[in-house]
Amino acid sequence: MMLLYTLALYVLIGLVTAAAFVTFGLSRVLPHSMTASLGARLLFLPGAVALWPYVLARWLRSRSRP
């Protein structure tokens with residue numbers, strides 16, 4: 000049961016992180032000349048949910064760049 004709760008917590012944190020990343024952070028991480036359409040943002044969402052620790056680390060690293 001503990002494993003199920005841990006997985007649920009992982010997915011919940013992933014959903015929150017992915018929604019914020021796709022809404023605000025994607026344009027920050029992509030090169031300046033690139034933009035993401037709504038369709039592309041929807042395609043990024045499942046991967047960002049699954050890989051949220053990596054996404055969050057990369058997003059935070061991009062904030063420290065000038």
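0 is the number of the first residue of the sequence shown in this note's numbering; add one for each residue after it. Just so you know, even glycine gets a beta-carbon here, dropped at the ideal spot from N, CA and C. For clarity, every value in this text was computed on a predicted model and none was experimentally measured.
DSSP-derived helix/strand/coil call for Met1:
As a position in the sequence shown, residue 1 is number 2, starting the count at 1. In this structure, Met1 counts as helix in the three-state DSSP scheme.
With contact counted as at least three CB pairs below 8 Å, one residue from each stretch, are the stretch 0 to 8 and the stretch 35 to 45 in contact?
no
Separation of Leu11 from Val28, as counted between CA atoms:
Looking up residue 28 in the sequence shown gives position 29. Looking up residue 11 in the sequence shown gives position 12. Using only the alpha carbons, I get a separation of about 22 Å.
If you check the beta carbons only, do Leu44 and Ala19 fall under 9 Å apart?
Taking the sequence shown and counting its residues from 1, the one referred to as residue 44 is at position 45. Taking the sequence shown and counting its residues from 1, the one referred to as residue 19 is at position 20. Against a cut-off of 9 Å, the Cβ pair of Ala19 and Leu44 comes out as no contact.
Determine, for Leu37, whether the minimum Cβ-Cβ distance to residues of chain C falls below 9 Å.
Within the model displayed, chain C is absent; a lone protein chain is all it includes.
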